[in-house]
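Peer 1: Just so you know, the sequences run in chain order A and E. Letter by letter, the first sequence follows residues 1 to 284 of UniProt numbering. Letter by letter, the second sequence follows residues 1 to 399 of UniProt numbering. Glycine included, each C-beta is placed from N, C-alpha and C at the ideal position.
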Amino acid sequence: MEFEIPRIPLAEWCDIALDWATEHFSGVTRAMSAVIGTAIETTTDFLVGLPPWLVIIACGLLVWRLTNARIAIGTMLGFAFLWNLELWRATLQSLVLVLVSTAFALAIGIPIGIAAALSKRFWRIVGPGLDMMQTMPSFVYLIPAIPFFGLGAVSACFATIVFAMPPTIRLTALGILQTPPELVEAADAFGSSRWQKLFKIQLPLAIPTIMAGVNQTIMLALSMVVIAAMIGAGGLGGEVWRAIQRLEAGQGFQAGIAIVVLAVILDRITQHIARHMRRDRQQG
Amino acid sequence: MSDTQARIRVRSLTKIFGDESGAALPLLQAGQSRAEVQKATGAVIGLQDVSFDVAEGEILVVMGLSGSGKSTCLRCINRLIEPTAGSVHIDDTDVTALGERDLMALRRIRFGMVFQQFALFPHRTILRNVEYGLEVQGVPPAARRDKALAAIETVGLKGWDQHFPSQLSGGMQQRAGLARALALDPDVLLMDEAFSALDPLIRRDMQQELVALQKRLKKTIVFVSHDLDEAIALGGRIVLMKDGRVVQQGTAADFLANPADDYVRRFVEHIDVLGVVTAGDAMRPPMAVRPWQSSAAEALEVLTRSGEPVMTVVCELGRFQGTVDADTLRRAGATELRLLLSDRDASVPRGATLNEAVARLAAGRGEIAVTGPDGALLGVIANADLIAALARRRVETAH
């Protein structure tokens, strides 16, 4: 007699769940998609419409204010290089996508991180979820994104947020949990409420750690934005994707190097800010 | 009742650490020892049946070696550590019965706390650190700034308010920690090994300043320390703890005179006797006293018979007036003693420590008088008496 163990219909279950969610929520998500998509496009078009040298100088000044002259000059040289390669439009598309995704990831991730730090039970739920989000191949997020948000930038944004958010959640929670216990005790001894303790002591002390999470989130967002080109996100990833389809190695490397340049710029800026905040914490 | 009532009353305070505290408490109350309970339930006994009072305006030192439960005890007073059983009252409030909200309010208003490792907030300036308690209370910015600056001035940190804690030395950081507690103008200061992390010289300065500050501000202070010299320097009553229980409470001199057990005896063995024993403890009745209208010749006879180094002279009311030595008496014949007096300040009050007596003795002629509050002669201490007093203490503490 032959045993036949039936295959667990995992794929079917996932389909059923997705279909159900699509049926009930896609109306809302499509509407959201339209709004966010328009916002992203408008911003990108506006930046592309400006003369590149003006954008480069404006970015340089902003970076100079946030960090220092060295990083500001590096930023301007990097952008000038990307302009020179005639990848200006793609660069701006990618940059806007990264920044929008990061903004959403922080807006959602930091509160989740705080909640996870304050409640052990919540952390037990969130922890495995984060593990799954980070180990699942990032391409997989692209598939369900399409029925909810349609092809294009918003789907890319969604997949990017899911993929890039975990470090922010983890490091926010870690930063708060790492508050030296004697400081928590001192805050308690003076009769601080839970929120006073959080906002006056724990969060300010956690900021350097949270910034390390922000840095990682931005880096992950950049890598995902490139992959998201497969569902029509455009940008520098789009250039790479086109080069792959046409087997143009030179074009592919050129776009790849452009992504590296963008990554270095974003990394230096956020790392500098994080380092600066760490020094603040120690001596002001 | 209420006017003699202590400001803080700690009664039968017990703290059991661990998940098995519920099972451990009945065993402990049934009289099992700390070790037995720990073996049976795995629970660790932090405090066992601790009771003491703290009077208003008093510095009470809770003393013990590490692991004796002294810090746990302090934290049970404002419930940073939740007691397992027993009660803590501050005036008419039962601290142990308060809900979370009332406890928070109580901590904001009545307690100021100072920590061993300072526990200053590194991201805040000294001013913002000192303001913290007021900020938590919801005091408006201008008012809390004024109060904080006043507290900073009180502890001698004027001009440092815009610095960050890491820019200050340890001693200055602890001054800031003290200012943070004082800014609230709390009734009670809880100080947990507040000076233990400081250099010895700075520690002594801080102890003196705390005593001076307390005389001025009249705070009720519970001070945890492992250092007997510190407890003596702060000058108040001492609650000596060991293994989570109170071994003895009283002044350092009480510990010396009537140690409750061998542990206390060993604890005070190396005590600086000169700083603890009073002149009243060491004095003996004078053998050569004459009123000041007596003649020198008569006095000389008394003095020679007594074997005292000098003649002690008192007025009609029995107040100490000064001394006269044998050579002067011999030369003076029939002169009245009052014209021969010298060493008019060769006396100490009975409450003075032997340290002060020694200084006087060294400056005088081998004997000093011990006086009561109105200057009345109570007794004398000669060099030999001092040595005898010291020897007595040594013998007492040696066995």
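Just grab the DSSP bridge partners of Phe320 (chain E) for me.
Peer 2: Within the second sequence, numbered from 1, the residue matching residue 320 (chain E) stands at position 320. BP columns for Phe320 (chain E) point to E:Val314.
Peer 1: Just to confirm, are Ala212 (chain A) and Leu171 (chain A) a CB contact at a threshold of 8 Å?
Peer 2: As a position in the first sequence, residue 212 (chain A) is number 212, starting the count at 1. As a position in the first sequence, residue 171 (chain A) is number 171, starting the count at 1. For Ala212 (chain A) and Leu171 (chain A), yes; Cβs fall inside 8 Å.
Peer 1: Contact between the region 178-188 of chain E and the region 138-154 of chain E is defined here as three or more beta-carbon pairs at a separation below 8 Å; is this criterion met?
Peer 2: Flag = yes, the region 178-188 of chain E and the region 138-154 of chain E touch.
Peer 1: Could you spell out where the alpha helix (DSSP H) holding Arg65 (chain A) opens and where it closes?
Peer 2: Stepping through the first sequence from its first residue, residue 65 (chain A) is reached at position 65. Residues Pro52 to Leu66.
Peer 1: Within this structure, are the beta carbons of Ala258 (chain A) and Leu236 (chain A) separated by less than 8 Å?
Peer 2: Position 258 of the first sequence holds residue 258 (chain A). Position 236 of the first sequence holds residue 236 (chain A). Contact: yes.
Peer 1: At a Cβ cut of 8 Å, what residues of the region 189-212 of chain A count as close to chain E, listed as they run along the chain?
Peer 2: Within the region 189-212 of chain A, the qualifying residues are Ala189, Phe190, Gly191, Ser192, Ser193, Gln196, Lys200, Ile201, Pro204 and Leu205.
Peer 1: Give the residues from the region 110-127 of chain E that approach chain A closer than 9 Å (Cβ to any Cβ), ordered along the chain.
Peer 2: Listed in sequence order: Phe111, Gly112, Met113, Phe115, Gln116, Gln117, Phe118, Ala119, Leu120, Phe121, Pro122, His123, Arg124 and Thr125.
Peer 1: Closer than 8 Å is the cut-off here; do at least three beta carbon pairs connect the region 182-193 of chain A with the region 54-61 of chain A?
Peer 2: Flag = no, the region 182-193 of chain A and the region 54-61 of chain A do not touch.
Peer 1: Give, in chain order, every residue of the region 258-275 of chain E whose Cβ lies closer than 7 Å to some Cβ of chain A.
Peer 2: Listed in sequence order: no entries.
Peer 1: Within 10 angstroms of its Cβ, does Cys73 (chain E) collect 16 or more other Cβ (buried), or is it exposed?
Peer 2: Within the second sequence, residue 73 (chain E) is the residue found at index 73, counting from 1. The residue in question, Cys73 (chain E), is buried, as its Cβ has 16 or more Cβ neighbours within 10 Å.
Peer 1: Closer than 8 Å is the cut-off here; do at least three beta carbon pairs connect the region 65-82 of chain E with the region 217-237 of chain E?
Peer 2: The region 65-82 of chain E vs the region 217-237 of chain E: in contact.
Peer 1: Which word fits Ile16 (chain A), buried or exposed, when buried means at least 16 other C-beta atoms lie within 10 angstroms of its C-beta?
Peer 2: The residue labelled residue 16 (chain A) in the question sits at position 16 within the first sequence. By the 10 Å Cβ count, Ile16 (chain A) comes out exposed.
Peer 1: Is there a Cβ of chain A sitting closer than 8 Å to that of Gly170 (chain E), yes or no?
Peer 2: One-based indexing of the second sequence puts residue 170 (chain E) at position 170. False, the Cβ-Cβ gap to chain A never drops below 8 Å.
Peer 1: If you pair each beta-carbon of the region 253-270 of chain A with each one of the region 15-24 of chain E, do three or more pairs fall below 8 Å?
Peer 2: With a cut-off of 8 Å, the region 15-24 of chain E and the region 253-270 of chain A do not count as touching, because too few Cβ pairs lie within range.
Peer 1: Does the beta carbon of Leu80 (chain E) come closer than 8 Å to any beta carbon on chain A?
Peer 2: Here residue 80 (chain E) refers to the residue found at position 80 when the second sequence is read from its first residue. By this cut-off, Leu80 (chain E) is an interface position.
Peer 1: Please say whether Val313 (chain E) and residue 438 (chain E) have beta carbons closer to each other than 8 Å?
Peer 2: The question about residue 438 (chain E) has no answer, for chain E in this structure spans 1 to 399.
Peer 1: Cβ of Ala105 (chain E) less than 8 Å from any chain A Cβ?
Peer 2: On the second sequence, residue 105 (chain E) is found 105 positions in, with the first residue counted as 1. Yes, because at least one Cβ of chain A sits closer than 8 Å to the Cβ of Ala105 (chain E).
Peer 1: Could you tell me whether the Cβ of Gln283 (chain A) comes closer than 8 Å to any Cβ of chain E?
Peer 2: The count along the first sequence starts at 1 and reaches residue 283 (chain A) at position 283. For Gln283 (chain A), the predicted model reports a pLDDT of 46, less than 50, meaning its position is unreliable and no value from the coordinates is stated.
Peer 1: So the alpha helix (DSSP H) Phe79 (chain A) belongs to, where does it begin and stop?
Peer 2: Along the first sequence, read from residue 1 onward, the residue named residue 79 (chain A) stands at position 79. Here the alpha helix (DSSP H) through Phe79 (chain A) covers Ala69 to Asn84.
Peer 1: Nearer than 7 Å: is that true of the beta carbon of Pro166 (chain A) relative to any heavy atom of the ligand GTP?
Peer 2: Here there are no bound small molecules, and the ligand GTP is not part of this structure.
Peer 1: Could you compute how far the alpha carbon of Leu198 (chain E) sits from the alpha carbon of Gln174 (chain E)?
Peer 2: Sequence index remark: in the second sequence, residue 198 (chain E) carries index 198 (1-based). Sequence index remark: in the second sequence, residue 174 (chain E) carries index 174 (1-based). Looking at the two C-alpha atoms, the distance is approximately 9 Å.
Peer 1: Say whether chain E places a C-beta atom closer than 8 Å to the C-beta of Leu183 (chain A).
Peer 2: In the first sequence, residue 183 (chain A) corresponds to position 183, counting from 1. Closer than 8 Å to some Cβ of chain E, the Cβ of Leu183 (chain A) qualifies, so yes.
Peer 1: Is the separation between the beta-carbon of Met104 (chain E) and that of Ser193 (chain A) shorter than 8 Å?
Peer 2: Here the question's residue 104 (chain E) lines up with position 104 in the second sequence. Here the question's residue 193 (chain A) lines up with position 193 in the first sequence. Yes, these two residues count as a Cβ contact at 8 Å.
Peer 1: Considering just the uninterrupted stretch of the beta strand (DSSP E) at Thr14 (chain E), what are its terminal residues?
Peer 2: As a working note, residue 14 (chain E) is residue 14 in the second sequence. First-last of the beta strand (DSSP E) with Thr14 (chain E): Ile8 to Phe17.
Peer 1: What is the DSSP secondary structure of Ile90 (chain E), counted as helix, strand or coil?
Peer 2: Taking the first residue of the second sequence as 1, we reach residue 90 (chain E) at position 90. Correct three-state label for Ile90 (chain E): strand.
Peer 1: So which residues of chain E does Leu274 (chain A) contact, with C-beta pairs closer than 9 Å?
Peer 2: One-based indexing of the first sequence puts residue 274 (chain A) at position 274. The question names Leu, yet the displayed sequence has Ala at residue 274 (chain A). Neighbours of Ala274 (chain A) on chain E: none; closest Cβ ~15 Å, over 9 Å.
Peer 1: Does Glu4 (chain A) pass the burial test, meaning 16 or more other C-beta atoms within 10 Å, or should it be called exposed?
Peer 2: Taking the first sequence and counting its residues from 1, the one referred to as residue 4 (chain A) is at position 4. With fewer than 16 other Cβ atoms within 10 Å, it is exposed.
Peer 1: State buried or exposed for Glu239 (chain A), treating a residue as buried only when at least 16 other CB atoms are found within 10 Å of its CB.
Peer 2: For the purposes of this step, residue 239 (chain A) is taken as the residue at position 239 of the first sequence. Looking at its Cβ environment, which holds 16 or more other Cβ atoms inside 10 Å, Glu239 (chain A) is buried.
Peer 1: Anyone know if the C-beta pair for Leu337 (chain E) and Ser306 (chain E) falls short of 8 Å?
Peer 2: As a first step, residue 337 (chain E) must be located in the second sequence, where it is residue number 337. As a first step, residue 306 (chain E) must be located in the second sequence, where it is residue number 306. Not closer than 8 Å, so no.
Peer 1: Let me know the secondary structure DSSP gives Ser166 (chain E) once reduced to three states.
Peer 2: To locate residue 166 (chain E), count along the second sequence from 1; it is residue 166. Of the three classes helix, strand and coil, the one that applies to Ser166 (chain E) here is helix, per DSSP.
Peer 1: Consult DSSP for Pro181 (chain A) and reduce its assignment to one of helix, strand or coil.
Peer 2: Along the first sequence, one-based indexing puts residue 181 (chain A) at 181. The answer is helix: DSSP assigns Pro181 (chain A) an H, G or I state.
Peer 1: Quick one: what's got a C-beta closer than 6 Å to Asp268 (chain E)'s C-beta in the same chain, skipping five residues either side?
Peer 2: If you number the second sequence from 1, residue 268 (chain E) lands on position 268. As written in the sequence, residue 268 (chain E) is Val, which differs from the Asp given in the question. Once the five neighbours on either side are set aside, the close Cβ partners of Val268 (chain E) are Phe255 and Leu256.
Peer 1: May I have the straight-line CA-CA distance separating residue 286 (chain A) from Ala142 (chain E), to the nearest angstrom?
Peer 2: This structure cannot speak to residue 286 (chain A), because chain A is shown only from 1 to 284.
Peer 1: Rounded to the nearest angstrom, how far is the Cβ of Cys14 (chain A) from that of Ser101 (chain A), given a contact under 8 Å?
Peer 2: Your numbering for residue 14 (chain A) matches position 14 in the first sequence. Your numbering for residue 101 (chain A) matches position 101 in the first sequence. Actually they do not touch by this definition, with Cβ atoms about 24 Å apart.
Peer 1: What residues of chain C sit near Gly235 (chain E), judged by a beta carbon separation below 8 Å?
Peer 2: Absent from the structure is chain C; the protein chains it does hold are A and E.
Peer 1: Counting pairs of beta carbons, one from the region 123-141 of chain E and one from the region 91-100 of chain E, are three or more of them closer than 8 Å?
Peer 2: Cβ pair count under 8 Å is below three, so no.
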